[in-house]
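Taken in order, the sequence shown gives residues 1 to 116; the numbers are from our numbering.
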Amino acid sequence: MAYHFHVRKNKGLSLSGIIAAITGVRPQGPWGKLVDLMFLIATVGALTISLVVTAATFTRGLSALTGLPDNFTVQAFVILLSGGIFCLSSWIGINNGLQRLSKMVGWGAFLLPLLC
1 MAYHFHVRKN KGLSLSGIIA AITGVRPQGP WGKLVDLMFL IATVGALTIS
51 LVVTAATFTR GLSALTGLPD NFTVQAFVIL LSGGIFCLSS WIGINNGLQR
101 LSKMVGWGAF LLPLLC
């Protein structure tokens with residue numbers, strides 16, 4: 001999508017727009033909307049699965065390290081906290097927010113082995 005939008009200067013960030021640019025067929029109407037809807041559902045599903053699996057793994061490790069219970073409440077808190085951090089990072093701005101977030105992750109990866 002980024003190549004389609006930035007390099008080729010095509011308008012729109014939809015999958016139907018990319019299909020139109022590649023094939024030359026204009027997917028207007030219900031077929032184009034169906035393709036975009038399926039792409040949206042697949043993207044949200046993939047992001048949700050990766051976030052939930054990561055939260056479950058993180059809470060299991062947190063439970064082993066600290067003795068906190070590995071239950072739904074802790075997992076929900078981890079998901080809400082990580083979502084809030086990424087929302088705050090996006091609100092601050094792509095350059096500053098993601099730069100701060102990557103520095104925090106780097107320091108956390110460095111300090112975690114020292115604490116354990």
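Where is the CB? At the ideal position from N, CA and C, for every residue including glycine. Every value quoted in this text rests on a predicted model; they were computed, and no experiment measured them.
Can you list, in chain order, the residues of its chain whose CB lies under 6 Å from that of A55, leaving out five sequence neighbours each side? Along the sequence shown, one-based indexing puts residue 55 at 55. Cβ within range, chain order: Q75, V78, I79.
What span of residues does the alpha helix (DSSP H) with G108 cover, start to end? Here residue 108 refers to the residue found at position 108 of the sequence shown. Taken as a continuous stretch (DSSP letters only), the alpha helix (DSSP H) holding G108 covers 94–115.
For P69, three-class secondary structure by DSSP: Position 69 of the sequence shown, counting from 1, holds the residue named residue 69. Residue state, collapsed to three classes: coil.
Please report how far the alpha carbon of S63 lies from the alpha carbon of T73, in whole angstroms. As a working mapping, residue 63 is identified with position 63 in the sequence shown. As a working mapping, residue 73 is identified with position 73 in the sequence shown. Going from the Cα of S63 to the Cα of T73 covers about 13 Å.
Report yes if the C-beta distance between V35 and S16 is below 7 Å; otherwise report no. Here residue 35 corresponds to residue number 35 of the sequence shown, with the count starting at 1. Here residue 16 corresponds to residue number 16 of the sequence shown, with the count starting at 1. Yes, the Cβ-Cβ distance between V35 and S16 is below 7 Å.
Can you tell me whether R26 is helix, strand or coil according to DSSP? Position 26 of the sequence shown, counted from the first residue, corresponds to residue 26. Three-state DSSP puts R26 in coil, outside helix and strand.
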